[in-house]
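To keep things clear, I will list the structure first and then write my remarks on it.
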Amino acid sequence: MELSKQELEYPQKLLNYMDGFLISKTMFTACELGVFDLLENGEALSSKAVAERLGTSADGMDRLLTACVGLQLLQVKGHQGKVLYSNTDLSQIYLTKASPRTLYYSMAYYSQTIYHCFAFLNDAVRSEEEMLKFMQLMNSIWNICGKAVVMAFDLSIFTNIIDLGGCTGAIAKECNSAYPQSKVTIYDLPKVLEMTRKHFVPPDERRIAFHEGDFFKDPIPDADLYILARIIHDWTEDKCLKLLSRVNKACKPGSGVLLIEALLNEDRSGPVTAQLYSLNMLVQTEGKERMASEYISLLESAGFKDVQVQRTGKIYDVILGRK
Ligand code: ASE
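With our numbering as the guide, the letters of the sequence shown map in order to residues 1357 to 1679.
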């Protein structure tokens, strides 16, 4: 597209884009403070009256109302030397809560949720970097809890282990050193394993195999032990049952499933780490942290039996089920 001399000298479009968020936030604020609702029955009020009714500062409200006039969301009428503000047709129809065509709730959601999420837009776009940071987080805790979780049960009877959602291979490496006779495979999404190969498992590491797949829909290969470390806590009840049932189908009689999770006490007394992590699962995922009894019933519903729980005294505990 040709750039006109006019645009080149004075880039109006860019200035408009630059001010875009000032415009949005001004409209959101007027909505949320209740300006349009206050003026909804054709009322015309001074900024001082609006400020008093809505409990704001007079000066701040005067500037907000003036800006709304510029945006054609309000109009002014002079009356006996006073400036009175009233709704325009546009704000009356779309920005008052009670209007049958209201967009008030869209404005509120944008203002209270999307606006804040957009503060992190740069991180979201730089996704490979974000993903690496997340994988490094996932990896590092096993430096202090890894040995305890793989040693909590004697897993030496299992010689073909698949770590579902094995991510960076931290647990796979732990299994290799604790159980030198066993073969371990990391099962994860292709894009995760690409990062794992690039940053976490050197190509000459012969003892760790890779299997690309989505554990909710792709085949789960044969193994005698399936490890799910911090996987179940990411998902809703329905998805946990779906995943564990798929794992159960893949198991032969005697095969095992090992869950590694931060267990909540049955009496809600703690541990505070798991309680805080559960809040973080609310923020970041569809899941939550659970009590041992909840993992036991999930495993039993998915067809596992002889379920045993082993606390480690560290952040992460272990639950072993058998088919
Ligand atoms: C997940 C684990 C984590 C998904 C998102 C996550 C962790 C942080 N974000 O499976 C590790 C645990 N730490 C916290 C604070 O929850």
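A virtual CB, placed ideally from N, CA and C, is assigned to each residue, including glycine.
Item: Among I1588, I1671, K1670 and F1392, the one whose alpha carbon lies nearest that of L1451; Value: F1392
Item: First and last residue of the uninterrupted beta strand (DSSP E) at G1434; Value: L1430 to H1435
Item: Separation of Y1366 from Q1352, as counted between CA atoms; Value: The structure shown has nothing for residue 1352, since the chain only spans 1357 to 1679.
Item: Sufficient close CB pairs (3 or more, under 8 angstroms) joining the stretch 1515 to 1522 to the stretch 1567 to 1587; Value: yes
Item: Contact test: N1443 Cβ vs the ligand SAM heavy atom, cutoff 6 angstroms; Value: Among the ligands in the structure shown, the ligand SAM does not appear; only the ligand ASE can be found there.
Item: Where S1447 falls, given that 16 or more other Cβ within 10 Å makes a residue buried; Value: buried
Item: Sequence ranges, beta strand (DSSP E) only - wholly within the stretch 1382 to 1449, length at least 3; Value: 1430 to 1435 and 1438 to 1443
Item: The stretch 1531 to 1541 touching the stretch 1614 to 1634, judged by at least three CB pairs closer than 8 angstroms; Value: no
Item: Beta-carbon spacing of T1592, E1561 below 7 angstroms; Value: no
Item: Test item: CB-CB of V1505 and V1674 under 7 angstroms; Value: yes
Item: Length-filtered (4 minimum) alpha helix (DSSP H) runs lying within the stretch 1439 to 1523; Value: 1445 to 1450, 1460 to 1465, 1477 to 1481, 1483 to 1496 and 1498 to 1507
Item: Under 7 angstroms between C-beta atoms of S1403 and L1378; Value: no
Item: Pair within 7 angstroms by beta-carbon distance, T1668 and A1508; Value: yes
Item: D1544, buried or exposed, once every other Cβ within 10 Å from all chains shown has been counted against 16; Value: buried
Item: beta-carbon N1495 near the ligand ASE non-hydrogen atom, thresh 6 angstroms; Value: no
Item: beta-carbon D1560 near the ligand ASE non-hydrogen atom, thresh 6 angstroms; Value: no
Item: Nearest-angstrom beta carbon gap, K1670 and I1500 [assumed within contact, 8 angstroms]; Value: 7 angstroms
Item: Closest Cα partner of G1525 within the set V1439, I1497, D1510 and Q1537; Value: I1497
Item: Alpha carbon of L1440 to alpha carbon of K1644, nearest angstrom; Value: 53 angstroms
Item: Whether A1400 touches K1433 by CB criterion (7 angstroms); Value: yes
Item: Identity of the residue in L1370, A1423, L1394 and K1361 nearest K1381 by Cα; Value: A1423
Item: Continuous alpha helix (DSSP H) assignments of at least 4 residues falling wholly in the stretch 1629 to 1659; Value: 1648 to 1657
Item: Beta-carbon proximity list for A1585, same chain, < 6 angstroms, skipping 5 on both sides; Value: I1527 and I1616
Item: Pick from K1554, L1597, L1394 and L1459 that is closest to E1485, judged by C-alpha positions; Value: K1554
Item: 6 angstroms CB neighbourhood of F1556 in its chain, flanking five on each side removed; Value: T1524 and G1525
Item: Three-state class that DSSP yields for G1333 in the structure shown; Value: Given a span of 1357 to 1679 for the chain in the structure shown, any question on residue 1333 remains unanswerable.
Item: For L1620 and Q1631, the rounded distance between their alpha carbons; Value: 7 angstroms
Item: Distance CB(S1455)-CB(L1395) smaller than 7 angstroms; Value: no
Item: The ligand ASE heavy atom lying under 6 angstroms from the CB of Y1466; Value: no
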